[in-house]
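A quick write-up on the structure given underneath.
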Amino acid sequence: MVRPVTAGVDGSPESLAAAEWAAAEAVSRRLPLRLLHARKWRAGNEQFTIGVSANESWADTRIALVTERVTERYPELELTSEARADAPVRVLLDAAAESELLVVGSRGLGGLAGFLVGSVSQAVIAHASRPVAVVRGEEPPETGPGRPVVVGLDLQHHHAAVLEYAFEAAARSRSPLRVVHTWSLQELYAYPSALPDPEVAAAVREEAHRGALAALAPVHEAFPEVDAELSLLSGATAPELLAASEDAGLVVVGRRSRKRLSLGTHIGPVTHAVLHHAKQPVTVVPYE
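Put into structure tokens, the structure is as follows:
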């Protein structure tokens with residue numbers, strides 16, 4: 003069974019821009035694209051129901067517009083659209099399980115039909131079983147071989163799936179890959195203002211360097227065509243990763259899967275910071 007690229011659309015400019023980015027991604031992967039809209043069924047107040055219908059009619063018009071734009075730009079793309087009557091989080095989580103990639107906008111309409119509003123977006127990212135890409139802004143972001151793919155490497159919670167995704171993305175787009183790994187002496191010194199021993203600092207940096215190279219070697223061997231660069235930085239991971247991705251076309255981060263479905267939306271502090279502050283599309287890759 004061929005898994006599609008799925009774009010969650012709700013009629014908001016952000017979701018429509020994400021759908022166009024998803025179309026380009028589907029073409030590059032030679033996969034079909036599915037546009038998915040959630041219609042949350044609500045019983046009760048007739049006046050409220052009329053408001054829901056009006057909002058959904060507006061969303062349908064906007065979704066038809068992006069379908070037309072995608073078809074014109076990518077006539078070879080196999081494109082389908084679908085509406086499901088359920089809560090947005092459930093719709094998107096089910097769709098992610100059926101897809102190679104789920105793509106959503108950075109925020110949605112909210113209330114009646116919005117996909118990405120606060121807890122909804124984080125719940126989807128926190129519990130999706132497949133990679134989820136979040137696209138910011140109201141216009142599709144620029145893509146191209148000149149813009150690097152940037153991936154964060156965490157040796158404490160390392161899993162090859164995150165690096166493999168980043169290498170595959172770089173190979174498909176013929177882009178360079180920048181692997182960012184940070185090291186710190188914070189655990190060795192009780193006070194931030196303490197003067198570190200230069201020899202200790204050099205030893206910690208060298209250990210981090212060896213560990214990063216060891217993690218990269220098998221994946222790079224599988225993708226020898228990718229121009230991969232290791233960026234070893236001293237400091238807090240989130241700000242260093244954000245700074246290193248200023249010129250990126252895509253940022254890839256990992257998210258540890260939970261054995262049981264919890265009520266929380268924990269995605270990790272680094273992934274949380276990148277999702278909230280990166281200007282570029284961000285793909286969150288789950289791993290065990």
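Residue 3 is where the sequence shown starts when you use our numbering, and the numbers rise one by one after that.
Positions of the beta carbon are idealized from the N, C-alpha and C atoms, including for glycine.
Original post:
With a cut-off of 8 Å, do at least 3 Cβ pairs link the region 216-230 to the region 173-181?
Top reply: yes
Original post:
What's the gap between the Cα of His222 and the Cα of Ser101?
Top reply: 26 Å
Original post:
Beta-carbon separation of Leu104 and Thr239 under 7 Å?
Top reply: In this structure, the beta-carbon distance from Leu104 to Thr239 does not fall below 7 Å.
**OP:** Assuming Ala171 contacts Val276 (C-beta within less than 8 Å), just tell me the rounded distance between them.
**Re:** No, Ala171 and Val276 are not in contact; Cβ-Cβ is about 15 Å, not under 8 Å.
Subject >> Sufficient close CB pairs (3 or more, under 8 Å) joining the region 120-139 to the region 276-286 >> reply: Contact holds: three or more Cβ-Cβ distances are below 8 Å.
Subject >> Residue closest to Gly148, alpha-carbon to alpha-carbon, out of Ser83, Glu80 and Asp249 >> reply: Nearest in C-alpha terms to Gly148, of all of Ser83, Glu80 and Asp249, is Asp249.
**OP:** Have a look at Lys281 and Leu252 and give me their C-alpha separation to the nearest angstrom.
**Re:** When rounded, the distance between both Cα atoms is 9 Å.
Original post:
Are there 16 or more other CB atoms within 10 angstroms of the CB of Val4, so buried, or fewer, so exposed?
Top reply: Burial call: exposed.
Original post:
In this structure, does DSSP put Glu16 in helix, strand or coil?
Top reply: helix
Subject >> Thr273 classed as buried or exposed, judged by whether at least 16 other C-beta atoms fall within 10 angstroms >> reply: buried
**OP:** Would you grab the beta carbon distance between His183 and Ala214 for me? Rounded to a whole angstrom, and I think it's under 8 Å.
**Re:** 4 Å
**OP:** Starting from the C-beta of Ser247, find all residues in its chain whose C-beta is less than 7 Å away, skip the five residues before and the five after it, and write them out in chain order.
**Re:** These residues qualify, in order along the chain: Val152, Val253, Ala280 and Gln282.
Subject >> Alpha-carbon spacing of Glu201 relative to Leu187, whole angstroms >> reply: 12 Å
Original post:
Whole beta strand (DSSP E) runs in the region 149-179 with 3 or more residues, listed along the chain?
Top reply: 151-154
**OP:** Tell me whether His274 sits in a helix, a strand or coil according to DSSP, three-state version.
**Re:** Of the three classes helix, strand and coil, the one that applies to His274 here is helix, per DSSP.
Original post:
CB-CB under 8 Å to Leu244, same chain, minus the five flanking residues each way: which ones, in chain order?
Top reply: Ala275, Val276, His279 and Ala280
Subject >> Alpha-carbon to alpha-carbon, Ala173 and Ser30 >> reply: 10 Å
Subject >> Proximity winner among His211, Arg257 and Phe225, relative to Gln124 (alpha-carbon distances) >> reply: Arg257
Original post:
Do Ala130 and Ala98 come within 7 Å of each other at the CB atom, strictly closer than that value?
Top reply: yes
Original post:
What residues match up with Ser83 in a beta bridge as DSSP calls it?
Top reply: Leu37
Original post:
Buried or exposed: which applies to Ser14, given that a residue is buried once 16 or more other Cβ atoms fall within 10 Å of its Cβ?
Top reply: By the 10 Å Cβ count, Ser14 comes out buried.
Subject >> Minimum C-alpha distance to Arg86 - residue among Arg41, Glu80, Val106 and Glu74 >> reply: Arg41
Subject >> Cα-Cα separation between Ala24 and Pro34, rounded to whole angstroms >> reply: 10 Å
Subject >> For Leu79 and Leu38, the rounded distance between their alpha carbons >> reply: 16 Å
Original post:
So, helix, strand or coil for Leu187, using DSSP?
Top reply: coil
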